[in-house]
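Student:
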Amino acid sequence: MASDDPSRPGRPGPGRRAQPGVSPPAPGPIRLVVSDLDGTLLRDDLTVSERVRAALRLTRAQGVPIILASGRMYRSVVPWACELGLDGPAICYQGAYVRELPPACPDPTATTAAPAGALLLHRPLAIPVARAAIRWCEGHGLGPHANIDDELVMAHGDENAADYERASGVEARFLPDLAAGLLKPPTKILAVGPAGRPEALLEEARARFAGRAQVTVSHPEYLEFTAPGVTKGWAVRWLARRLGIPLESVMALGDQYNDLEMLEAVGQGVAMGGAPEPVRHAARYVTGTVGEDGAAQALEALVLGRGSPEVRA
Numbered sequence: 123m124a125s126d127d128p129s130r131p132g133r134p135g136p137g138r139r140a141q142p143g144v145s146p147p148a149p150g151p152i153r154l155v156v157s158d159l160d161g162t163l164l165r166d167d168l169t170v171s172e173r174v175r176a177a178l179r180l181t182r183a184q185g186v187p188i189i190l191a192s193g194r195m196y197r198s199v200v201p202w203a204c205e206l207g208l209d210g211p212a213i214c215y216q217g218a219y220v221r222e223l224p225p226a227c228p229d230p231t232a233t234t235a236a237p238a239g240a241l242l243l244h245r246p247l248a249i250p251v252a253r254a255a256i257r258w259c260e261g262h263g264l265g266p267h268a269n270i271d272d273e274l275v276m277a278h279g280d281e282n283a284a285d286y287e288r289a290s291g292v293e294a295r296f297l298p299d300l301a302a303g304l305l306k307p308p309t310k311i312l313a314v315g316p317a318g319r320p321e322a323l324l325e326e327a328r329a330r331f332a333g334r335a336q337v338t339v340s341h342p343e344y345l346e347f348t349a350p351g352v353t354k355g356w357a358v359r360w361l362a363r364r365l366g367i368p369l370e371s372v373m374a375l376g377d378q379y380n381d382l383e384m385l386e387a388v389g390q391g392v393a394m395g396g397a398p399e400p401v402r403h404a405a406r407y408v409t410g411t412v413g414e415d416g417a418a419q420a421l422e423a424l425v426l427g428r429g430s431p432e433v434r435a
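The numbering of the sequence shown is this note's numbering, which starts it at 123 and goes up by one.
Structure follows, in structure tokens:
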């Protein structure tokens, strides 16, 4: 574990409203790119376009590392970091878990798990709060599951299990009663519901768990709970300090509420087109949607020096 004290998330930088139609300033000296995965690099069909892949390769060829900051489990992030040739460490679980990538990319045909990289930071959720969050979600028609020791744990009969296992690429372990069976502090609680339902419940959940958990939406169907103050922005600040890179020289890309604090924290925050208004408001730039290769547009304009009208200051 790193010696830095990560217990103080720090103050977010000022949000800057994106103004459509204004050309971006000349790219600054970006020394690190931090990118969300789903909805930013990954399309809905869980593929990455060739234009985005090329922009990632060219960015790294210029000596600028790219790391992933995702709500996903570490085991679910590593295959994508390997496939895309990205750098470590990986920020996972909305910032609650930061770990180096494994020394070698995992073999998808292997029957045993590959060795993981060094764990740098882990801030789990207290068991009583996690149990309360599970019961609250169940009472509001959402299907919760837990992440414990980088394992996916769900309740027997969860109707979302197959879809979530497919999307994450991770097989779940099942318990008769998720809340009662929770014996170790989970890194995160994620609850699945109909599209739009998590966002509709977001403010109610934040009020209910104020001071006890950080609550966010990472996808139209996902409501997520982490330890208080834990966000991607908090983890990016911690990691940038560890790497000796000023936040002004960090570029971040994201598309959802769980990316908002990260976009506020850095000098070059880029919201994807179609992101919720508060997320776009927090960013310095708004680029195209994931279907329009918005991440590539942003990297081309701000890192590779190719002006792109789709990136708006």
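The beta carbon of each residue, even a glycine, is placed where N, CA and C say it ideally should be.
Give the range of the alpha helix (DSSP H) segment to which residue 273 is assigned.
Tutor: Here residue 273 is taken as the residue at index 151 of the sequence shown, counted from 1. Here residue 273 belongs to no alpha helix (DSSP H); instead the beta strand (DSSP E) covers 273-277.
Student: Measure from the alpha carbon of residue 165 to the alpha carbon of each residue in 225, 427, 417 and 428, then state which is nearest.
Tutor: Residue 165 sits at position 43 when you count from the first residue of the sequence shown. That would be 417, whose Cα lies nearest to the Cα of residue 165.
Student: Tell me residue 394's beta-bridge partners as DSSP assigns them.
Tutor: Start at 1 with the first residue of the sequence shown, and residue 394 comes out as number 272. Partner(s): none; residue 394 has no beta bridge.
Student: Which residue or residues does DSSP assign as beta-bridge partners of residue 373?
Tutor: Numbered from 1 along the sequence shown, position 251 holds the residue referred to as residue 373. For residue 373, which the question treats as bridged, DSSP gives the partners 155 and 390.
Student: Going by beta carbon distance, what residues of the same chain come within less than 8 angstroms of residue 264, once the five residues before and after it are set aside?
Tutor: Taking the sequence shown and counting its residues from 1, one reaches residue 264 at position 142. Only 313, 314, 315, 319, 320, 323 and 345 meet the Cβ criterion.
Student: Helix, strand or coil for residue 265? Go by DSSP, reduced to three states.
Tutor: Position 143 of the sequence shown, counting from 1, holds the residue named residue 265. Strand.
Student: At 4 residues or longer, what runs of the alpha helix (DSSP H) sit wholly inside the region 304-358?
Tutor: Qualifying alpha helix (DSSP H) stretches, in chain order: 319-330.
Student: Along the chain, where does the alpha helix (DSSP H) that runs through residue 283 open and close?
Tutor: Reading the sequence shown from its first residue, position 161 is the one you call residue 283. That run of the alpha helix (DSSP H) goes 283-290.
Student: Taking 7 angstroms as the CB-CB limit, is residue 161 close to chain B?
Tutor: Absent here is chain B; the protein component of the structure consists of one chain.
Student: Going by alpha carbons, who is nearest to residue 270 out of 282, 296 and 187?
Tutor: Within the sequence shown, the letter at position 148 stands for residue 270. Measuring from the Cα of residue 270, the nearest candidate turns out to be 296.
Student: In three-state DSSP terms, what is residue 149?
Tutor: The residue given as residue 149 occupies position 27 in the sequence shown. Its pLDDT being 38, under 50, residue 149 is placed unreliably by the model, and the measurement read from it follows with that caveat. In this structure, residue 149 counts as coil in the three-state DSSP scheme.
Student: In the DSSP output, what is residue 244 paired with across the bridge?
Tutor: Locating residue 244 in the sequence shown gives position 122, counting from the first residue. Residue 244 pairs with 219.
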